[in-house]
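What follows is a single structure, written as structure tokens, with notes after it.
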Amino acid sequence: MLNPYFAFGVPIFLLFLYIVFAFIRKKSTVHYIGFVLLLIATFMMAFSFQVLQGLWTLEESHATAQLGKLGYAPEILWIPLILGAVLAILNLWRGVKRVKSFRDESN
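Everything in the sequence shown is counted per the working numbering, starting at 1024 for the first residue and increasing by one.
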């Protein structure tokens, strides 16, 4: 799970997917694409947290030899988690605003 191609490849693919759907959201009038963006962001956040848990398990078992073989600094595993959290919060905020606007329009 700590293989760099897996640990960073999946978040990079999810970020690419997020950008594609964000572009589609701008060009379209479909309302649920914002929810798709929220799903992608939360999956990126959950996946990154799971990778960090794998790192913490290695650290707890004192497998320093395996930690040395990673080929990257373990601290950069926090970047996809933070990015996913920021995108999830942004999309939650947009969703709440959208629900409030629908509510205001119906009154």
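For every residue, glycine included, the Cβ atom is placed at its ideal position computed from N, Cα and C. Remember, predicted model here, so these are calculated numbers, not experimental data.
Nearest-angstrom Cα distance between residue i and residue j?
i, j, result
"Ile-1063", "Leu-1040", "8 Å"
"Met-1024", "Ala-1030", "6 Å"
"Lys-1092", "Ser-1084", "15 Å"
"Asn-1114", "Val-1053", "15 Å"
"Leu-1038", "Arg-1126", "31 Å"
"Leu-1100", "Phe-1046", "27 Å"
"Gly-1032", "Ile-1105", "16 Å"
"Arg-1048", "Gln-1076", "33 Å"
"Trp-1116", "Ser-1124", "12 Å"
Nearest to residue i by alpha carbon, out of the options?
i, options, result
"Asn-1026", "Leu-1078, Ala-1111 and Leu-1110", "Leu-1078"
"Val-1074", "Ile-1102, Val-1122 and Arg-1121", "Ile-1102"
"Glu-1098", "Ser-1124, Ile-1042, Ser-1071 and Lys-1050", "Ser-1071"
What residues in its chain sit with their C-beta under 7 Å from that of residue i, if we drop five residues either side in the sequence?
i, result
"Ala-1111", "Leu-1061, Ala-1064, Thr-1065 and Met-1068"
"Phe-1044", "Ile-1056, Val-1059, Leu-1060 and Ile-1063"
In chain order, what residues of the same chain lie with their CB nearer than 8 Å to the CB of residue i, ignoring the 5 residues before and after it?
i, result
"Ser-1129", "none"
"Leu-1081", "Leu-1025, Gln-1089 and Leu-1090"
"Arg-1121", "His-1054 and Gly-1057"
"Gly-1118", "Gly-1057, Phe-1058 and Leu-1061"
So, for residue i: in the same chain, excluding its five sequence neighbours on each side, which residues have a beta-carbon less than 6 Å away from its beta-carbon?
i, result
"Ala-1108", "Met-1068"
Inset, instruction - Give, in chain order, every unbroken run of the alpha helix (DSSP H) that is at least 4 residues long and sits entirely within the segment 1031-1105. - result: For the segment 1031-1105, whole alpha helix (DSSP H) runs of length 4 or above, ordered along the chain, are 1056-1083 and 1087-1091.
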